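Numbering (this note's numbering), first residue to last: 9 to 219. Glycine is no exception: its CB is placed at the ideal position from the N, C-alpha and C atoms. A quick note: this is a predicted structure, and the numbers were derived from the prediction, not measured.
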Amino acid sequence: MSATAADDTVLIVVDVQNDFCPGGALAVADGDAIVPLVNRLIETHDHVVLTQDWHPPGHSSFASGHEGQAPFAAIDMPYGAQTLWPDHCVQGTRGADFHPDLHWTKAELVIRKGFRPELDSYSAFFENDRATPTGLGGYLRERGLNKVVLVGLATDFCVGYSALDAARLGFETTVLLDACRAIDLEGSLAESRRQMQEAGVVLTKSETLAA
Ligand code: VGL
Ligand code: ZN
9 MSATAADDTV LIVVDVQNDF CPGGALAVAD GDAIVPLVNR LIETHDHVVL TQDWHPPGHS
69 SFASGHEGQA PFAAIDMPYG AQTLWPDHCV QGTRGADFHP DLHWTKAELV IRKGFRPELD
129 SYSAFFENDR ATPTGLGGYL RERGLNKVVL VGLATDFCVG YSALDAARLG FETTVLLDAC
189 RAIDLEGSLA ESRRQMQEAG VVLTKSETLA A
């Protein structure tokens, strides 16, 4: 991993925020354990983009706004199935901040998602209707960043959907699984891995980058 990544490669660090780490509102088991490795990857990549889950208070993905529904239940929204979550990553709160040990200063872009009250967004590229773009695809294309390396939280939601969309948009896409952690809701990790493989996403570990 001492080698520097190719100049047309972008490292996308997905949602390494307090609420997805132990003690946070939607804690991913061991979520904070990836931070030292993610920091090393930031050092070895010329181009770094961060994503930040960024919901207004009362966001439609929060179970608290749906009477009789508990977190982790699935409901139908106009744009399709949606899992309900505990309130998390509310704009401007400490839970929405990046993990305090994350070396985020090098990032050339922070892309925020999930800010539309009625629409959730897992992917860094499209909201959950799979049609409303965040603008990241166009940004990367204009800058000639054709290869995408994804790390962060959570493997089976925001990382996974970002990887599927990146591959769909024609980016050469790699997920470094050792620099990710999963929520794993009813087999969602296995299903996400299957879908990523089918889409041609390279699933590997960070040590292979040095080879
Ligand atoms: C995420 C659920 C809700 C994620 C974000 O970052 O994977 N998961 N919002
Ligand atoms: Zn969210």
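**Report entry** Cβ-based neighbour list, residue 102, same chain, cut-off 8 Å, excluding 5 preceding and 5 following
**Finding:** Counting from 1 along the sequence shown, the entry for residue 102 is found at position 94. Here the set comprises 26.
**Report entry** Residue of 98, 65, 171 and 119 minimising C-alpha distance to residue 59
**Finding:** Position 51 of the sequence shown, counted from the first residue, corresponds to residue 59. The shortest Cα separation from residue 59 among 98, 65, 171 and 119 belongs to 119.
Query raised in the report: Between the Cα of residue 122 and the Cα atoms of 90, 43, 201 and 31, which residue gives the shortest distance?
Result: Residue numbering aside, residue 122 sits at position 114 when the sequence shown is read from its first letter. Per the Cα distances, 90.
Query raised in the report: Taking the alpha helix (DSSP H) that residue 183 falls in, what are its first and last residues?
Result: Along the sequence shown, read from residue 1 onward, the residue named residue 183 stands at position 175. It is not in any alpha helix (DSSP H) - residue 183 instead sits in the beta strand (DSSP E) that spans 180-189.
**Report entry** Closest Cα partner of residue 128 within the set 216, 117, 83 and 114
**Finding:** Walking along the sequence shown from the start, residue 128 turns up at place 120. Checking every option, the nearest Cα to that of residue 128 belongs to 83.
Requested in this report: In angstroms with no decimal places, state the Cα-to-Cα distance between residue 203 and residue 72.
Outcome: Taking the sequence shown and counting its residues from 1, one reaches residue 203 at position 195. Taking the sequence shown and counting its residues from 1, one reaches residue 72 at position 64. Spanning the two alpha carbons is a distance of roughly 30 Å.
Query raised in the report: With respect to 8 Å, is the separation between the Cβ of residue 122 and the closest non-hydrogen atom of the ligand VGL below this value?
Result: Locating residue 122 in the sequence shown gives position 114, where the first residue counts as 1. The answer is yes for residue 122.
Requested in this report: State yes or no: is the C-beta of residue 97 nearer than 8 Å to some heavy atom of the ligand ZN?
Outcome: The residue given as residue 97 occupies position 89 in the sequence shown. It does: the Cβ of residue 97 is within 8 Å (strictly closer) of some heavy atom of the ligand ZN.
**Report entry** Where residue 141 falls: helix, strand or coil (DSSP)
**Finding:** Indexing the sequence shown from 1 puts residue 141 at position 133. Correct three-state label for residue 141: strand.
Query raised in the report: Can you find a heavy atom of the ligand ZN that lies under 8 Å from the Cβ of residue 69?
Result: Your numbering for residue 69 matches position 61 in the sequence shown. Checking the Cβ of residue 69 against the ligand ZN gives yes.
**Report entry** Sequence-distant residues of its chain with Cβ nearer than 6 Å to residue 174 (five each side left out)
**Finding:** Along the sequence shown, read from residue 1 onward, the residue named residue 174 stands at position 166. Answer for residue 174: 156 and 181, listed in chain order.
Query - Alpha carbon of residue 207 to alpha carbon of residue 179, nearest angstrom - result: As a working mapping, residue 207 is identified with position 199 in the sequence shown. As a working mapping, residue 179 is identified with position 171 in the sequence shown. Between residue 207 and residue 179, the C-alpha separation is close to 11 Å.
Query raised in the report: When the Cα atoms are used, what is the spatial distance from residue 30 to residue 41?
Result: Locating residue 30 in the sequence shown gives position 22, counting from the first residue. Locating residue 41 in the sequence shown gives position 33, counting from the first residue. Looking at the two C-alpha atoms, the distance is approximately 10 Å.
Requested in this report: Compute the distance between the beta-carbons of residue 142 and residue 132, then report whether it is under 9 Å.
Outcome: For the purposes of this step, residue 142 is taken as residue 134 along the sequence shown, with counting starting at 1. For the purposes of this step, residue 132 is taken as residue 124 along the sequence shown, with counting starting at 1. In contact: residue 142 and residue 132 (Cβ atoms closer than 9 Å).
Requested in this report: Indicate whether residue 36 and residue 176 have their beta-carbon atoms separated by less than 9 Å.
Outcome: Taking the sequence shown and counting its residues from 1, one reaches residue 36 at position 28. Taking the sequence shown and counting its residues from 1, one reaches residue 176 at position 168. No, these two residues do not count as a Cβ contact at 9 Å.
Query - DSSP three-state assignment for residue 10, whether helix, strand or coil - result: Residue mapping note: residue 10 aligns to position 2 of the sequence shown, counting from 1. Unreliable placement is indicated for residue 10, whose pLDDT of 49 sits below 50; the coordinate value is still reported in the next sentence. Residue 10: coil per DSSP, three-state reduction.
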